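A.B. asks: Sequence positions in the sequence shown follow our numbering and run 12 to 243. Please read through the structure below; I'll follow up with questions.
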Amino acid sequence: MNRKQMPTPYQLKKAKQRKIFLVFLYAVFLFGFINVLMSYIIFPVRQNSVSMIPDVQEESVVMVSPAANNYERSDIVLIGKRVNEKKSLFGRFAETFVSFFTGRQVFTSEDASFPGTKQKLRRIVGMPGDTIYMRDYVMYIKPVGERHFLTEFEITPKTYNVTFFTAPAGWDSSLGVKGSFDEITLGLDEYFVLGDNRKSTDDSRLWGVITKEDIDAKALFCYLPFKNFKIY
12 MNRKQMPTPY QLKKAKQRKI FLVFLYAVFL FGFINVLMSY IIFPVRQNSV SMIPDVQEES
72 VVMVSPAANN YERSDIVLIG KRVNEKKSLF GRFAETFVSF FTGRQVFTSE DASFPGTKQK
132 LRRIVGMPGD TIYMRDYVMY IKPVGERHFL TEFEITPKTY NVTFFTAPAG WDSSLGVKGS
192 FDEITLGLDE YFVLGDNRKS TDDSRLWGVI TKEDIDAKAL FCYLPFKNFK IY
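As structure tokens, this is what we get:
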């Protein structure tokens, strides 16, 4: 009569070590896969300000994609940090670690006292080659090859809403962000972005024009809160 051979303590130890190694390998693979996914494919961004009201409400969560880089007029895009600090190897690792385990909601380099350290959602209004000017917070645009200016709302392929500022009588126009500026022509890789809240936001009126390198991702849709679900 044959007895089933019981595993030896050494075999049990090896099996346990193999299991631990496979779990570790799986965790490393999962970490790498999700990092690649959230760095190059798609990730969420929380809108913590009123700069894009009314279409992107404060405390909304928007899904953006770095892979969707075919930017068009009226697209909402994620603008990279305006201040880039040099970090040590440990600093870069800490940034990656924290942003990964918080779903890219927290970055160690962000500082509420310095708005330039944060990424921002803004809308592309001026495209490369456009001649543009602003009057009373409305952009007027003459694309390359066209003879006449049209308002941003007449020329846009998508409908969007903005919050205007009606200045009281005697208002000093030098205060706050500009509501008007004279004609400028954008270069071949230059975009002019604006916040939808025209009265209270920092955008190309303060920074100047941006290039494709300044854009980190394109907004696809808002999914939180559910009542604000919207495809961009």
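Note that CB positions come from ideal geometry on N, CA and C, so glycine has one too. Predicted model, so just to flag it, every value in this text is computed and none were measured.
Just to confirm my understanding: we take TYR234, look at its own chain, exclude 5 residues before and 5 after, and list those with CB closer than 7 angstroms. What are they?
C.D. replies: Within the sequence shown, residue 234 is the residue found at index 223, counting from 1. Around TYR234: VAL72, MET74 and PHE240.
A.B. asks: Since TYR82 and ILE135 should fall inside the 8 angstroms C-beta cutoff, what is the C-beta to C-beta distance between them, to a whole number of angstroms?
C.D. replies: Indexing the sequence shown from 1 puts residue 82 at position 71. Indexing the sequence shown from 1 puts residue 135 at position 124. About 6 angstroms; that satisfies the 8 angstroms criterion.
A.B. asks: Tell me the rounded alpha-carbon separation between HIS159 and THR167.
C.D. replies: The residue given as residue 159 occupies position 148 in the sequence shown. The residue given as residue 167 occupies position 156 in the sequence shown. The straight-line gap from Cα to Cα measures roughly 15 angstroms.
A.B. asks: Return the CA-CA distance between GLY91 and LYS223, expressed in angstroms with no decimal places.
C.D. replies: For this step, residue 91 is matched to residue 80 along the sequence shown. For this step, residue 223 is matched to residue 212 along the sequence shown. Cα to Cα, GLY91 sits roughly 10 angstroms from LYS223.
A.B. asks: Just the C-alpha distance for ASN208 and PHE42, rounded to the nearest angstrom, thanks.
C.D. replies: Here residue 208 is taken as the residue at index 197 of the sequence shown, counted from 1. Here residue 42 is taken as the residue at index 31 of the sequence shown, counted from 1. Approximately 38 angstroms between the Cα atoms of the pair.
A.B. asks: Which runs of the beta strand (DSSP E), 3 residues or longer, sit entirely within the stretch 160-229?
C.D. replies: DSSP runs (the beta strand (DSSP E)) wholly in the stretch 160-229: 192-196 and 203-205.
A.B. asks: Measuring CB to CB, does LEU217 end up less than 8 angstroms from ALA79?
C.D. replies: Along the sequence shown, one-based indexing puts residue 217 at 206. Along the sequence shown, one-based indexing puts residue 79 at 68. Going by C-beta atoms, LEU217 is not nearer than 8 angstroms to ALA79.
A.B. asks: What's the C-alpha gap between GLU201 and PHE32?
C.D. replies: By one-based count along the sequence shown, residue 201 stands at place 190. By one-based count along the sequence shown, residue 32 stands at place 21. One C-alpha to the other measures close to 50 angstroms.
A.B. asks: Could you tell me which residues DSSP puts in a beta bridge with SER76?
C.D. replies: Stepping through the sequence shown from its first residue, residue 76 is reached at position 65. LYS229.
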